[in-house]
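Step one of this worksheet: look at the structure below.
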Amino acid sequence: MARPLLARAVDAAMDRSLVLGYTTIGLAVRRTLPGWPADPPAGALAGRHVLVTGASSGLGIATVEGLARLGATVHMLVRDEEKGAGVADRLRAVLPGTELLLWRCDVGDLDDVRRFAADFAEEVPELHAIVHNAGVMPPTRTESAQGHELSMAVHVLGPVVMTEALRGPLVGGRVVLVSSGGMYGQALRADDPGYLTGDYSPTTAYARSKRMQVEMGPLLGERWAGDGITVATMHPGWADTPGVQESLPRFRSITRPVLRDDAQGADTSVWLAAVEPAPPTGRFWHDRVERPTSILPTTRPNPDARARAWLWLTEAAGLG
522 MARPLLARAV
532 DAAMDRSLVL
542 GYTTIGLAVR
552 RTLPGWPADP
562 PAGALAGRHV
572 LVTGASSGLG
582 IATVEGLARL
592 GATVHMLVRD
602 EEKGAGVADR
612 LRAVLPGTEL
622 LLWRCDVGDL
632 DDVRRFAADF
642 AEEVPELHAI
652 VHNAGVMPPT
662 RTESAQGHEL
672 SMAVHVLGPV
682 VMTEALRGPL
692 VGGRVVLVSS
702 GGMYGQALRA
712 DDPGYLTGDY
722 SPTTAYARSK
732 RMQVEMGPLL
742 GERWAGDGIT
752 VATMHPGWAD
762 TPGVQESLPR
772 FRSITRPVLR
782 DDAQGADTSV
792 WLAAVEPAPP
802 TGRFWHDRVE
812 RPTSILPTTR
822 PNPDARARAW
832 LWLTEAAGLG
């Protein structure tokens, strides 16, 4: 169903306002607008396997639940197995008969990612989708096991290495990268992906890595298109996640009355994994609608910056 011009205008105005578009207000209003994309039908993912990273808290739990409600066998990738097992047990109690399988991996450690992917591919020959939701915001500059800045390792390198290693089971499938609206405030720092210069800021590092996700999305879509794999990046809006509670307490204290709950934040991730046909590859989404990747001219990367970022990514992730 095509969206009427007025509905598109209202939607875009809320999106630019941030407060209206990113909060629970935005989702509630958009659901009432003509042309709101329909929910996937019941059982849309029956018989299909979906992998969710960062599955033991916040948006990850909501994503697992949303996918399971659509009939998917959900593979929960966590770093803390004990915590993950507790979450899985609680979800099984809420959704009897749900098939949830637990896996352990440190997404920031590329060696561990390759180890996990090899084990996973042996057991799961067909994978419908990966939702790369795992996130981190260290208070000080921290390096991964391979010496990469941790935000970039967890949000960019780990997901790319994991997807690359799972291309066999994922043929014809989907990749969803959970980004952040905060990336709009940062330029693509192809000159300093490791955040080696300047005073380190955890929120800036986080947003830079999310900008990298979004800018690399179309290029990753091209790389994996030969296997029929589509790539989508999305942002969940302002959700009351553990990351916000721990890392942005002042922001949360101001916006708490209108912050989205986890299910609202995960809505578009679940929709992107389940809607048919698969959305076009390489696009950026929020509230089930494609969004621009840049709003400010100062954060719009030029082709040279994008090419340099891609070169860094292919070398750091060992894509060849």
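Everything in the sequence shown is counted per our numbering, starting at 522 for the first residue and increasing by one. From the three backbone atoms N, C-alpha and C, an ideal C-beta is built for every residue, glycine too.
Using only alpha-carbon positions, find the residue among M733, R777, A639 and T619 that is nearest to R625. For the purposes of this step, residue 625 is identified with residue 104 of the sequence shown, where counting begins at 1. For R625, the nearest C-alpha among the options comes from A639.
Quick check on DSSP: helix, strand or coil for I651? Position 130 of the sequence shown, counted from the first residue, corresponds to residue 651. DSSP places I651 within a strand segment (E or B) once states are collapsed to three.
Check the DSSP bridge columns for W624 and list the partner residues they point to. As a first step, residue 624 is located in the sequence shown; it is residue number 103 there, counting from the start. Answer is L598, bridged to W624.
Alpha-carbon spacing of E670 relative to D782, whole angstroms: As a first step, residue 670 must be located in the sequence shown, where it is residue number 149. As a first step, residue 782 must be located in the sequence shown, where it is residue number 261. Each residue's Cα considered, the two are about 29 angstroms apart.
Shorter than 8 angstroms from the beta carbon of E664 to some beta carbon of chain C? Included in the structure is just one protein chain, with no chain C present.
Per DSSP, what kind of secondary structure is E797 in: helix, strand or coil? Translated into the one-based positions of the sequence shown, residue 797 becomes position 276. Looking at E797 - three-state DSSP - the assignment turns out to be coil, as it is neither helix nor strand.
Which term fits K604, buried or exposed, when burial requires 16 or more other beta carbons within 10 angstroms of its beta carbon? The residue given as residue 604 occupies position 83 in the sequence shown. K604 is classed as exposed because its beta carbon has fewer than 16 other beta carbons within 10 Å across all chains shown.
Going by DSSP, what residues sit across from M755 in a beta bridge? Reading the sequence shown from its first residue, position 234 is the one you call residue 755. M755 is bridged to V699 and W806.
Decide if V735 is buried, meaning its Cβ has at least 16 other Cβ atoms within 10 Å, or exposed. As a first step, residue 735 is located in the sequence shown; it is residue number 214 there, counting from the start. Answer is buried; the Cβ neighbour count reaches 16.
Could you pull the start and end residues of the alpha helix (DSSP H) that T776 belongs to? Counting from one through the sequence shown, the residue named residue 776 turns up at place 255. P770 to T776 is the extent of the alpha helix (DSSP H) around T776.
Three or more C-beta pairs under 8 angstroms: does that hold for the stretch 782–793 against the stretch 748–764? These segments touch.
N- and C-terminal bounds of the beta strand (DSSP E) containing V677: The sequence position of residue 677 within the sequence shown is 156, counting from 1. That residue, V677, is in no beta strand (DSSP E); it is neither H nor E in DSSP.
Three or more C-beta pairs closer than 8 angstroms, one from the stretch 659–669 and one from the stretch 715–728: is that the case here? In the pairwise beta carbon analysis, the stretch 659–669 is classified as touching the stretch 715–728: at least three pairs are separated by under 8 angstroms.
Just to confirm before moving on: does the CB-CB distance between A711 and A830 stay below 8 angstroms? As a first step, residue 711 is located in the sequence shown; it is residue number 190 there, counting from the start. As a first step, residue 830 is located in the sequence shown; it is residue number 309 there, counting from the start. Yes, they are a contact pair.
Within the continuous alpha helix (DSSP H) that includes L740, where are the two ends? Position 219 of the sequence shown holds residue 740. Per DSSP, L740 belongs to the alpha helix (DSSP H) from P723 to W745.
Straight-line Cα distance separating L717 from L591: Sequence index remark: in the sequence shown, residue 591 carries index 70 (1-based). Sequence index remark: in the sequence shown, residue 717 carries index 196 (1-based). So the two alpha carbons sit approximately 44 angstroms from each other.
For L840, which residues from the same chain have a beta carbon less than 8 angstroms from its beta carbon, with the 5 sequence-adjacent residues on both sides left out? Residue 840 sits at position 319 when you count from the first residue of the sequence shown. Excluding residues up to 5 positions away in sequence, V681, E685, R744 and L834 lie with their Cβ nearer than 8 angstroms to the Cβ of L840 in the same chain.
Using 8 angstroms as the cut-off, can you tell me whether the stretch 640–658 makes contact with the stretch 568–577, which would need three or more C-beta pairs spanning the two stretches below that distance? Yes, the stretch 640–658 touches the stretch 568–577.
Nonlocal neighbours in the same chain, by C-beta distance under 8 angstroms from A784, ignoring five residues either side: The residue labelled residue 784 in the question sits at position 263 within the sequence shown. So the qualifying residues of the chain are A583, E586 and G587.
Which runs of the beta strand (DSSP E) spanning at least 3 residues fall entirely within the stretch 569–618, listed in chain order? Taken in chain order, the complete beta strand (DSSP E) segments of 3 or more residues contained in the stretch 569–618 are 570–574 and 594–599.
Looking only at DSSP bridge pairs, what is E664 linked to? Position 143 of the sequence shown, counting from 1, holds the residue named residue 664. E670.
Which whole-angstrom value describes the C-beta separation of A795 and P558, a residue pair presumed to lie in contact below a C-beta threshold of 8 angstroms? Stepping through the sequence shown from its first residue, residue 795 is reached at position 274. Stepping through the sequence shown from its first residue, residue 558 is reached at position 37. About 11 angstroms separates the two Cβ atoms, so there is no contact after all.
Could you give the DSSP three-state label for R781: helix, strand or coil? Reading the sequence shown from its first residue, position 260 is the one you call residue 781. Correct three-state label for R781: strand.
Within the same chain, show all residues whose beta-carbon is closer than 7 angstroms to that of A826, passing over the 5 residues directly before and after it, in chain order. Counting from 1 along the sequence shown, the entry for residue 826 is found at position 305. Cβ within range, chain order: L709 and A711.
Closest to A746 by CA distance: which of M704, H807, A799 and V779 is it? Your numbering for residue 746 matches position 225 in the sequence shown. Closest option to A746, Cα to Cα, is A799.
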